[in-house]
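This report concerns only the one structure given below.
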Amino acid sequence: MNQRHATLEAEFYVRGATGQGLPDDMVGGTGKPGQVSGGRQVEFRSAVVKNIAREIAMDERAHVAFLRNALGDAAVARPQISLDHSFTAAATAAGLIKPGEIFDAYAGDRNFLFAAFLFEDVGVTAFKGAAPFISNKTYLDAAAGLLATEAYHAGIVRATLFAEGLADDSVFDVLHKISAVRNAVSGPADDDQDLGTKDEANLVPTDEYGRAFGRSAAEILNIVYLDPQGVSSGGFYPDGLNGDIVQGAAPTAS
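So the sequence shown is residues 15 to 268, counted in the working numbering.
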């Protein structure tokens, strides 16, 4: 699961920072290969956001290379990825745009940061959720390193958006809506957290013990499919995923 999410994040960031996707030697593997729709280099106005995008892009590219090397012949091919219609669907569901309008994640600094916010907390919770299933100490050490990097990324994005919110507090309303969509589709747990307000920040989403929370692979799939019904395709993966775990989490009976 983590190789596939790393590939999605890498394609999002690398295209925004450089205008190019992952090279051919980093997208092959078992299963049906797919292309990426959408994504282009952002014309950043802020040097801060431009540097954030560039550094995270290089980290995510390195994550893909590391995970593919570790998996060897078990690495899966990049499936079809949507970086255009998926963001529009997510923004429509969140009420950020009206039906029929388009949300372009690459239109500028703020849209790019909103899209990054959608992804980053998902990456942290994906690695945290997988941790209990890793018994090999070498793999656990590697996973801890990747989790820490994802947490840095999420913190940077959240802090940057908080600064944006201090200048324009409508940012907090947008992030609340994005968080609400993640929470609604991921599963029954009410654990997703927005950024708070300019008067009371929530830069680090944790539980009452100050711990980051995790999500199961199926809950992560619900978010990237943008569907809470336990489907196996949609959203950012229009044709589904390659590999063994492809089904989202179905709703639990009340």
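Where a beta carbon is used, it is the ideal one built from N, C-alpha and C, also for glycine.
The residues 245, 247, 248, 249, 251, 262, in chain order, have a CB closer than 7 Å to that of residue 239 in the same chain once the five nearest residues on each side in sequence are set aside. Three or more Cβ pairs closer than 8 Å define a contact, and the region 42-61 meets that threshold against the region 81-93. Annotation note: the region 215-242 contains the following uninterrupted alpha helix (DSSP H) runs of length 4 or greater, listed N- to C-terminal: 231-239. Counting along the chain, residue 17 sits inside the alpha helix (DSSP H) bounded by residues 16-32.
Taken atom to atom, the span from the alpha-carbon of residue 210 to that of residue 200 is near 20 Å. Check the Cα spacing between residue 212 and each of 51, 205, 179: the tightest is with 179. Between residue 24 and residue 82, the gap from beta carbon to beta carbon reaches 7 Å or more.
The beta carbon of residue 173 sits closer than 7 Å to those of 217, all from its chain and outside the five residues before and after it, given in chain order.
Note that the C-beta distance between residue 93 and residue 197 is not below 7 Å. In this structure, DSSP gives residue 90 an extended state, which the three-state scheme calls strand. Cβ-Cβ separation between residue 67 and residue 128: approximately 13 Å, too far for a contact (criterion under 8 Å). Judged by their CB atoms, residue 120 and residue 33 are not nearer to each other than the 7 Å cut-off.
Residues 191, 192, 195 of the same chain have their beta carbon placed closer than 6 Å to that of residue 108, with the five preceding and five following residues left out of the count. Taking the CA atoms as reference points, residue 189 sits about 16 Å from residue 204.
The alpha helix (DSSP H) runs of length 4 or more contained entirely in the region 133-214 are, from start to end of the chain, 151-181, 184-200.
The beta carbon of residue 264 is closer than 6 Å to those of 244 in its chain, skipping five residues each way along the sequence.
Fewer than three Cβ pairs drawn from the region 155-162 and the region 98-107 lie within less than 8 Å of each other, which leaves the two stretches out of contact.
Assignment of beta-bridge partners to residue 251 by DSSP yields 248.
The bridge partners DSSP lists for residue 95 are 50.
Beta-bridge analysis with DSSP links residue 44 to 90.
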